[in-house]
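Below: one structure, written as structure tokens.
Residue numbers (our numbering): 149 to 367.
What follows is the structure, encoded as structure tokens:
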């Protein structure tokens with residue numbers, strides 16, 4: 149059991165004991181935060197900017213929503229469709245990035261003159277990329293002139309988002325990988341032509357981009 153899990157378990161036990169021995173009501177969530185919160189969120193990990201509690205975003209419904217699923221229910225094709233629609237810019241946030249079709253679609257977009265920036269999780273795509281597929285995909289993009297960066301300030305960078313031309317947002321559980329296309333149960337949602345939603349995600353992209361570092365080619 150990790151140190152974080154041990155602290156959290158101890159906090160839960162303490163809270164339950166207190167509940168059993170006292171008749172007055174108390175806020176168990178508050179107690180848990182006071183007991184274990186600091187350890188959970190500062191356990192030897194460099195933390196990022198802006199992780200303090202902030203209000204959620206409310207965005208008016210607009211545009212058209214299109215959804216797809218996997219395995220083999222159109223998810224990968226929908227993501228490629230989104231990339232193919234780009235005329236000016238593409239912004240990508242990724243956890244796992246090994247998908248050949250997605251990589252090729254981005255390369256095609258770059259050939260069309262589309263400005264592309266991609267931020268991927270460092271641990272999953274570099275430090276622990278045992279197959280070499282992630283590094284191969286990222287290297288292909290860098291060699292084509294795509295601005296590829298990796299981020300290592302979170303426990304994991306688990307975003308899976310593609311933003312196109314400041315108006316369209318693709319998101320969901322789908323990692324940009326072969327496993328997501330053919331083996332995993334995944335979902336993809338695209339909100340076409342909703343600039344307000346895209347702006348919220350672009351702000352999130354910019355925050356992570358500022359904390360990332362350029363991907364270094366390995367020959």
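Glycine included, each C-beta is placed from N, C-alpha and C at the ideal position.
- With the rule of 3 Cβ pairs closer than 8 Å, the stretch 218–225 does not count as touching the stretch 293–312.
- Residue 213 counts as exposed, since fewer than 16 other C-beta atoms from the protein chains shown sit within 10 angstroms of its C-beta.
- Following the DSSP letters along the chain, one finds residue 265 in no alpha helix (DSSP H) but inside the beta strand (DSSP E) bounded by residues 263–269.
- Between residue 297 and residue 266, the gap from beta carbon to beta carbon is short of 9 Å.
- Straight-line measurement puts the Cα of residue 336 at about 17 Å from the Cα of residue 238.
- Per DSSP, reduced to three states, the secondary structure at residue 357 is helical.
- Setting aside the 5 residues that flank it on each side, residue 287 is surrounded in the same chain by 365, each with a C-beta closer than 6 Å to its C-beta; the list follows chain order.
- For the options 257, 295, 229, the alpha carbon positioned closest to that of residue 357 is the one of 295.
- Under DSSP, residue 218 forms a beta bridge with 334.
- Rounded to the nearest whole angstrom, the CA to CA distance from residue 345 to residue 234 is 17 Å.
- For residue 224, the enclosing alpha helix (DSSP H) begins and ends at 223–232.
- Bounds of the alpha helix (DSSP H) holding residue 251 are 248–259.
- With distances taken between CA atoms, residue 244 lies nearest to 323 out of 359, 323, 343.
- If the five residues before and after residue 329 are omitted, its C-beta is found closer than 6 Å to the C-beta atoms of 218, 224, all from its own chain and listed in chain order.
- Residue 209 has its alpha-carbon roughly 10 Å from the corresponding atom of residue 343.
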